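**Q** Before we start, here is the structure in question, set down as structure tokens.
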Amino acid sequence: MAINIAKIPSPSYVLEEKLLRRNLELLNRVQNESGAQIILALKGFSMYATFPMVYKYLSGATASSLNEARLIVEEMGCLAHTYCPAYKPVEFADMMRYSSHITFNSLNQWNQFKPQIEKHRRKISCGLRINPQYAEVSTDMYNPCIPGSRLGITRDLLGEKLPEGIEGLHSHTLCENDSYTLERTLVHIEEKFGDLLHQIKWLNLGGGHLMTREGYDHAHLIKQIKRLRETYHIEVILEPGSAIGWQTGYLVSTVLDIVDAQGIDVAILDVSFAAHMPDTLEMPYKPRIWGATDAVEGKPTYRMGGMTCLAGDFMGDYSFDQPLKIGDTVVFDDMIHYTMVKTTTFNGVGLPSIGIWKENDEFELLKKFGFRTYKDRI
Ligand SMILES: Cc1ncc(COP(=O)(O)O)c(C=O)c1O
75 MAINIAKIPS PSYVLEEKLL RRNLELLNRV QNESGAQIIL ALKGFSMYAT
125 FPMVYKYLSG ATASSLNEAR LIVEEMGCLA HTYCPAYKPV EFADMMRYSS
175 HITFNSLNQW NQFKPQIEKH RRKISCGLRI NPQYAEVSTD MYNPCIPGSR
225 LGITRDLLGE KLPEGIEGLH SHTLCENDSY TLERTLVHIE EKFGDLLHQI
275 KWLNLGGGHL MTREGYDHAH LIKQIKRLRE TYHIEVILEP GSAIGWQTGY
325 LVSTVLDIVD AQGIDVAILD VSFAAHMPDT LEMPYKPRIW GATDAVEGKP
375 TYRMGGMTCL AGDFMGDYSF DQPLKIGDTV VFDDMIHYTM VKTTTFNGVG
425 LPSIGIWKEN DEFELLKKFG FRTYKDRI
């Protein structure tokens, strides 16, 4: 049965449980066939009401902050794989408590925290993030290999032998990429770091593997992973975020007003691109709206206006079969990954509610936000 938008309060992010399960089943198949561990990157998707389901299929989760690590322990019931650009001394004891694996971004940080790791009552497997200086990411904002990137250690800074106590390497250079980009990236990783791959137990190939996008060549990915496992006798870990939440839900909004802006019809919505869909402005990209197309001459056409006072908080233009009216529902597609985790209350605008369209075709409202949320942040 199709999701019934009339049952969903506006504005809301709504995830379809059956679509999430479909993604997880696919990722689990890749895990089983490749022998890799796939873990969820919370930075892209951390709707923790779904964590029990996620953990039925995936091998755990990865954190990039103390809060994410704690959420993994509390809501997924496992220890986190943790990587942060830098760890704070005051937080490090808790980081160790919440983590099974900790990856360091520099040799300085490793040397600083190594004594604590060695004294910890439970063994923590430690790794270093490397920078292979090769990425196929067109937006610099999302490219960890831009010149001067602070993310990862370049080969010239590492000797011929990994420091004592380091068991893994971590490379994250993909962003919504396919397995062929991974293959080309591996050429650079193996060229620069190949000798070190023989010294490790695990290689974490980061996120950006968009395995749930239509057309992704899973057999090719599986081949890459098997080759790595067999050549170097290592565990391979993938930590996608986007791929888990990809195409699993929507942002439901309502038209509050329609204004004639010097000849352009602008529908002002109860959501904001800047506050609720920030990637649309950052990446940037034009999100799909149900029942709308790009502008078509002769059809009712609107620019979508966000509810903040930011001049650039709009997206255009969209054509509909019928003219829009105040009170109409506008549904933005694929608004689950990198949305809820990035919202702000800029301008004091409220946050959309969060809900799940369950597999039994009922809507469950999980979260509603109010003045307290806004006030707590400032
Ligand atoms: C270190 C690391 N791992 C994993 C991810 C998740 O990437 P994605 O959501 O593109 O799969 C990111 C995203 O920026 C990241 O920085």
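Going by my numbering, the sequence shown opens with residue 75, and the numbers climb by one from there.
All residues carry an ideal CB built from backbone N, CA and C; glycine is no exception.
From a predicted model like this one, the values you see are computed outputs, not experimental measurements.
(1) Could you tell me which residues DSSP pairs with Gly-281 in its beta bridges?
(2) Quick one: what does DSSP say Val-423 is sitting in, helix, strand or coil?
(3) Considering only heavy atoms of ligand 1, does any lie closer than 7 Å to the CB of His-246?
(4) Of all the alpha helix (DSSP H) runs that stay within the bounds of the stretch 88-140, which reach a length of 4 or more residues?
(5) Tell me Ile-332's beta-bridge partners as DSSP assigns them.
(6) What's the C-alpha gap between Lys-387 and Ala-335?
(7) Is the closest heavy atom of ligand 1 to the C-beta of Thr-213 under 7 Å?
(8) Would you report the Cα separation of Ser-199 and Gly-401, rounded to the nearest angstrom?
(9) If you draw a straight line from the C-alpha of Met-351 to the C-alpha of Pro-189, how long is it?
(10) Please report how far the alpha carbon of Ala-369 lies from the alpha carbon of Asp-331, in whole angstroms.
(11) Could you give the DSSP three-state label for Ala-209: helix, strand or coil?
(12) If you follow the alpha helix (DSSP H) that Phe-443 is part of, which residue opens it and which one closes it?
(13) Which value, in whole angstroms, describes the spacing of the CA atoms of Ile-318 and Thr-286?
(14) Could you tell me how far apart the beta carbons of Leu-256 and His-283 are, in whole angstroms, since I believe they sit closer than 8 Å?
(15) Any heavy atom of ligand 1 inside 7 Å of the beta-carbon of Ala-335?
(16) Between which two residues does the alpha helix (DSSP H) harbouring Met-170 extend?
(17) Could you spell out the range, first to last residue, of the beta strand (DSSP E) harbouring Val-405?
(18) How should Ser-316 be labelled, buried or exposed, when 16 other C-beta atoms within 10 angstroms of its C-beta is the threshold for buried?
(19) Compare the Cα-Cα distances from Leu-145 to each of Met-169, Gln-396, Pro-163 and Gly-233 and report the closest residue.
(20) To the nearest angstrom, report how far apart Asn-421 and Ser-174 are at their CA atoms.
(21) Should Thr-259 be listed as close to ligand 1, given that the test is whether its C-beta is under 7 Å from any heavy atom?
**A** Here's the rundown:
(1) Reading the sequence shown from its first residue, position 207 is the one you call residue 281. Note: Gly-281 sits in no beta bridge, so no partner.
(2) The residue given as residue 423 occupies position 349 in the sequence shown. Val-423: coil per DSSP, three-state reduction.
(3) Here residue 246 refers to the residue found at position 172 of the sequence shown. Yes, the Cβ of His-246 comes within 7 Å of a heavy atom of ligand 1.
(4) The qualifying runs are 91-108 and 125-131.
(5) The residue labelled residue 332 in the question sits at position 258 within the sequence shown. Ile-332 has Ala-341 as its beta-bridge partners, per DSSP.
(6) Walking along the sequence shown from the start, residue 387 turns up at place 313. Walking along the sequence shown from the start, residue 335 turns up at place 261. What sits at residue 387 in the sequence shown is Asp, not Lys. Asp-387 and Ala-335 have their C-alpha atoms some 14 Å from each other.
(7) Counting from one through the sequence shown, the residue named residue 213 turns up at place 139. Short note on Thr-213: C-beta not closer than 7 Å to any heavy atom of ligand 1.
(8) Within the sequence shown, residue 199 is the residue found at index 125, counting from 1. Within the sequence shown, residue 401 is the residue found at index 327, counting from 1. When rounded, the distance between both Cα atoms is 54 Å.
(9) Counted from its first residue, the sequence shown places residue 351 at position 277. Counted from its first residue, the sequence shown places residue 189 at position 115. Those two C-alpha atoms are separated by around 42 Å.
(10) Residue 369 sits at position 295 when you count from the first residue of the sequence shown. Residue 331 sits at position 257 when you count from the first residue of the sequence shown. Cα to Cα, the separation comes out at about 20 Å.
(11) On the sequence shown, position 135 is the one that residue 209 refers to. Looking at Ala-209 - three-state DSSP - the assignment turns out to be coil, as it is neither helix nor strand.
(12) As a working mapping, residue 443 is identified with position 369 in the sequence shown. Annotation for Phe-443: no alpha helix (DSSP H) segment contains it, and DSSP assigns it neither H nor E.
(13) To locate residue 318, count along the sequence shown from 1; it is residue 244. To locate residue 286, count along the sequence shown from 1; it is residue 212. When rounded, the distance between both Cα atoms is 7 Å.
(14) Here the question's residue 256 lines up with position 182 in the sequence shown. Here the question's residue 283 lines up with position 209 in the sequence shown. Sure, about 7 Å apart at Cβ, within 8 Å.
(15) Against the sequence shown, residue 335 aligns to sequence position 261. Not so, every heavy atom of ligand 1 lies at least 7 Å from the Cβ.
(16) Against the sequence shown, residue 170 aligns to sequence position 96. Membership of Met-170 in the alpha helix (DSSP H) is indicated by the continuous run 166-172.
(17) Here residue 405 refers to the residue found at position 331 when the sequence shown is read from its first residue. 403-407 is the span of the beta strand (DSSP E), which, as asked, contains Val-405.
(18) One-based indexing of the sequence shown puts residue 316 at position 242. Around the Cβ of Ser-316, a 10 Å sphere holds 16 or more other Cβ atoms; the residue is buried.
(19) By 1-based counting over the sequence shown, the position of residue 145 is 71. Considering only alpha carbons, the answer is Met-169.
(20) Along the sequence shown, read from residue 1 onward, the residue named residue 421 stands at position 347. Along the sequence shown, read from residue 1 onward, the residue named residue 174 stands at position 100. Ser-174 has its alpha-carbon roughly 40 Å from the corresponding atom of Asn-421.
(21) If you number the sequence shown from 1, residue 259 lands on position 185. With a cutoff of 7 Å, Thr-259 does not count as near ligand 1, since its C-beta is closer than that to no heavy atom of the ligand.
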